[in-house]
Amino acid sequence: MRVRIIFKLKNRGAFLPFHHQHILAQFLKGVLVKGGNGDYINYPFYNFSGLKGQTKVSRNGLHYYSNLVTLVLSSADQQFLDYLLEQIFDFDNLQLGNLEVSPIYTEIEKTPEFGSEMKFICISPVVPTKASFNENDGKRFIQPKTDEFSDLLYESTMQRMESSGSYSNQKLSEYNKFQVVPDSVYLERLQERDKKFARIYSVFDADVRYEVRGYTLPFKLYAAKEVQEFLFNCGLGNYTYKGFGMLDIANANPTDRTERYHFAKELVTA
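Mapped onto the working numbering, the consecutive letters of the sequence shown carry residue numbers 495 to 764.
Spelled out as structure tokens, the structure:
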């Protein structure tokens with residue numbers, strides 16, 4: 495499932511870096527550590543967007559000028575999401591980088607219908623390879639049209655689905671159909687305009703900074719509908735719990751599929 499947290503922005507004009515997933519990842523990890531539930535402190539099966547709002551670009555990054563800003567959280571585990579929301583709403587005021595915000599309400603997105611062929615866009619960069627300390631393999635460019643690109647994402651997906659404990663070995667063995675097909679027209683258009691769809695990003699783990707290459711592009715995915723749903727809820731590729739690999743359905747209207755969400759704590763205190 496996918497929920498949105500709407501925050502009130504108290505210092506309009508404050509800025510975040512263009513790619514600020516590491517700031518949000520540190521915030522969410524801090525919230526989970528403070529919550530103290532050992533089952534969730536290192537829970538990896540969730541995903542989140544960048545902070546959304548009305549922005550202007552400067553050399554410093556993105557300046558936020560809307561009264562409200564939104565963070566999208568996604569996971570297959572509603573109990574985990576409710577717990578995370580409870581911890582966030584324990585705070586009256588929060589600091590997200592330079593932004594001073596206050597959580598005010600939540601919304602839930604309607605779950606789309608999944609099939610064996612889906613067209614996705616990347617809300618945040620997809621990382622097909624893991625980084626290693628003092629090695630460059632995580633930064634290596636891989637042509638998205640190659641089988642290697644698709645195979646790496648398949649291997650990552652199967653490993654994560656297996657470690658989630660939600661799928662039997664028999665089920666996993668049935669998920670052998672998997673092919674990522676990038677939008678060739680989109681890639682050619684970017685190449686003509688000398689624009690990039692793959693960049694180097696920083697990832698922080700145990701106080702160590704790594705560099706990885708992330709890809710932002712539309713693509714079709716041919717896979718079982720259970721695999722499609724897992725990736726929509728938990729992200730595609732590596733470092734999804736750090737805000738990479740969040741997907742959305744192509745050509746979907748984001749304003750036409752939400753409703754107010756009352757998570758467990760709100761229901762108890764109502």
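Note that CB positions come from ideal geometry on N, CA and C, so glycine has one too.
Check, Outcome
"Distance CB(isoleucine 598)-CB(lysine 504) smaller than 7 Å", "no"
"Reduced DSSP category for threonine 605 - H, G, I as helix; E, B as strand; rest coil", "coil"
"Straight-line gap, aspartate 752 to valine 497 (C-alpha atoms, nearest Å)", "Looking at the sequence shown, residue 752 is not aspartate but threonine. Roughly 9 Å separates the two Cα atoms."
"Identity of the residues DSSP links to asparagine 541 by a beta bridge", "Ser568"
"Glutamate 601 beta carbon less than 7 Å from that of tyrosine 755", "yes"
"Which listed residue (Asp645, Glu629, Ser662 and Met612) has its alpha carbon closest to that of proline 712", "Met612"
"Paired residues, beta bridge with lysine 613 - DSSP", "Lys714"
"Burial state of glutamine 515 (16 or more Cβ within 10 Å)", "buried"
"Beta-carbon proximity check, leucine 556 vs leucine 526, cutoff 7 Å", "no"
"Residues of its chain near alanine 744, where Cβ-Cβ distance is below 8 Å and the 5 sequence neighbours each way are ignored", "Lys613, Phe614, Ile615 and Pro712"
"According to DSSP, residues forming a beta bridge with phenylalanine 512", "According to DSSP, phenylalanine 512 bridges with nothing at all."
"Supposed contact pair lysine 719 and valine 675 - C-beta distance, whole angstroms, cut 8 Å", "At roughly 17 Å, the Cβ-Cβ gap does not stay under 8 Å, so valine 675 and lysine 719 are not in contact."
"Assigned secondary structure, leucine 730 (DSSP; H/G/I helix, E/B strand, else coil)", "coil"
"Straight-line Cα distance separating isoleucine 517 from glutamine 589", "10 Å"
"Close Cβ partners of glycine 529 (< 6 Å) along its chain, the five nearest in sequence each way excluded", "Gln581"
"Glutamine 776 (DSSP reduced to helix, strand or coil)", "The requested residue 776 does not occur in the structure, where the chain is confined to residues 495 to 764."
"Touching by the beta-carbon criterion (3+ pairs, under 8 Å), the region 640-652 and the region 684-702", "no"
"Minimum C-alpha distance to glycine 524 - residue among Ala700, Tyr704 and Asp742", "Ala700"
"Alanine 692 - DSSP class collapsed to helix/strand/coil", "strand"
"The alpha helix (DSSP H) enclosing serine 660, as first and last residue numbers", "Counting along the chain, serine 660 falls outside any alpha helix (DSSP H), and DSSP gives it neither H nor E."
"Cβ separation of leucine 565 and isoleucine 617, assumed to be a contact under 8 Å, to the nearest whole Å", "The Cβ separation is near 12 Å, so there is no contact."
"Outcome for lysine 665 when other beta-carbon atoms lying within 10 angstroms are tallied against a minimum of 16", "exposed"
"Bridge partner(s) assigned by DSSP for glycine 708", "Arg693"
"Helix, strand or coil at tyrosine 735 [DSSP, three-state]", "helix"
"Chain-order list of residues whose beta-carbon lies under 7 Å from that of tyrosine 680 (same chain, five-residue window excluded)", "Leu711 and Pro712"
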